[in-house]
Each structure stands twice: as C-alpha cells, then as structure tokens.
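Residue numbers (this note's numbering): 49 to 259.
Glycine residues also receive a C-beta, built at the ideal position from the N, C-alpha and C atoms.
Owing to the predicted nature of the structure, the values given are computational and were not obtained by experimental measurement.
Contents: one structure, followed by commentary.
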Amino acid sequence: MTKKDRYQIILDYFQQHIPEAETELLYDNPFELLVAVILSAQCTDKRVNLTTPTIFEQFPNPEALSQTSFDSLFPLIRSISYPNNKTKHLIGMAQMLMKDFGGVVPMTVDELVKLPGVGRKTANVITSVIDQQPNMAVDTHVFRVSARLGLTRGATTPLAAEKQLIKYIPSNLVHKAHHWLILHGRYTCIARNPKCDSCGLQELCLYFKKA
49 MTKKDRYQII LDYFQQHIPE AETELLYDNP FELLVAVILS AQCTDKRVNL
99 TTPTIFEQFP NPEALSQTSF DSLFPLIRSI SYPNNKTKHL IGMAQMLMKD
149 FGGVVPMTVD ELVKLPGVGR KTANVITSVI DQQPNMAVDT HVFRVSARLG
199 LTRGATTPLA AEKQLIKYIP SNLVHKAHHW LILHGRYTCI ARNPKCDSCG
249 LQELCLYFKK A
C-alpha cells in the first residue's frame, strides 16, 4: 500500500464516521477562541470550558483584558495548569492586540506567533478553525495517532509531523483532519490502553499490528 493510498483510506473513514468534526472549546468569536486555546496548553478542553465563561463575562474584548491586572485575572484561571504564565500571556496578548493590531485577532501564522503565549500550534489552530486555512496544529493527540496509523513515519518532532500531514492531506480537508485526529486520539486511540477493539482503523494501524 502506498502512503497516498493509506491517507485516502483513513481520510475516507473519518469523513464517514466524524463528518462534522470541530473543536470542543467553547467560543463566540476569534478573540474568545484565542484566549481558550492559550489556556488549553497542557490542560483539558473540559477544564478550559468551565473557566472561560467568567473570563469572557468580565473581559469580553481585547481592550478590557489589556487593561486588567495580574491580581484581577489570576484568580479566574487558578484552576488551569500554569496559571502564573498564562495570566501574564493573556494580558500581554491583549495589550499587543490593541497596540499592534487594532484590537483585531490577525489571521496569519506569522502575525499570531508574535503574540505572548502563542506558538505555532496555537496559531495553526486559530487560522484553521476560524478561517479554515490549511494549517495543521500538531498536539500530543495528533502526533500519537498519526504515528500509530503510519501517516507520519519517522517524524520525531511536531513540525516534522505537520509537514508530512500537510503534504498528503488535501488542502480543503486539513482543517477537518486536525479535529479528526484529535478526537480519535482523545476518545479511541488514547495514549495508554487504546480502545483498539472498537477502532475501525485497526487493519491499517502499525501500533495494533505490533501489539
């Protein structure tokens, strides 16, 4: 089986079984998604979704967030992982949005990564979710699942995996494929004791064949 054929079969499977895949983070606009994604680093979406309503209520836009203090914001995200750094990042992000981008979340990866707390993965999430740009955010789920399924053979870094995935996934499906891989990794192909018996891709899975 060629790599192209492997990709096609796996993408067809996901299109059939998870046709409407989307982020599980709750948001109403690009600014809210940006806040949520920054908070989600090494934290569950469920925990983020419990935390953001109060943040969005008190700081509904970049201007409001840019004017707050560390002591005002920190208590609202105390339950999130790395609250000290994320408090600083959120305020710094909002201040830069106001200063350099007129309070509008930019829609290019190069611009987004200039913001405090925003790395390549976060920038890829924002541009793919909001603008459906063909950018692949490789988190731990995407990295694990794509390796197990033989989509990213030899990739030892998220960037290397991203490049392989972008090369073989049609550009119009990249924004969906990101969520397919995340959801599959979150609920079926979990890190420990993956649910192989309930996975429709086990015939293609290199991990399953080894196990």
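Proximal residues to residue i (C-beta, below 7 Å), its chain only, five neighbours per side dropped
| i | result |
| --- | --- |
| V83 | T100, I103, L138 |
| R196 | C237, C253, L254, Y255 |
| L231 | I66, A69 |
| E72 | D93 |
| L229 | H189, V190, V193, S194 |
| K51 | Y216 |
| K257 | none |
Which listed residue (the options) has its alpha carbon closest to that of residue i
| i | options | result |
| --- | --- | --- |
| A142 | V166, L124, T92 | V166 |
| A89 | A171, M144, T205 | A171 |
| P110 | L145, A203, K52, I217 | L145 |
| Q56 | A203, Y216, V85 | Y216 |
| I174 | I58, A203, R95, V152 | V152 |
| T116 | I128, P242, G140 | G140 |
| S30 | K147, C247, P123 | Residue 30 is absent from the structure shown; the chain starts at 49 and stops at 259. |
Contact check, residue i vs residue j, beta carbons under 8 Å
| i | j | result |
| --- | --- | --- |
| L87 | K134 | yes |
| Y130 | L249 | no |
| M184 | H226 | yes |
| N97 | L74 | yes |
| L59 | L207 | no |
| S219 | P182 | yes |
| H189 | R234 | yes |
| F149 | K136 | no |
| K169 | V186 | yes |
| R95 | I125 | no |
| G202 | R54 | no |
| I178 | P78 | yes |
6 Å CB neighbourhood of residue i in its chain, flanking five on each side removed
| i | result |
| --- | --- |
| H223 | S176, Q180 |
| C244 | Q250, F256 |
| V85 | T170, V173 |
- Item | Stretch-stretch touch, CB-based, cutoff 8 Å, three pairs: the segment 154-164 with the segment 200-213 | Segments in contact, no.
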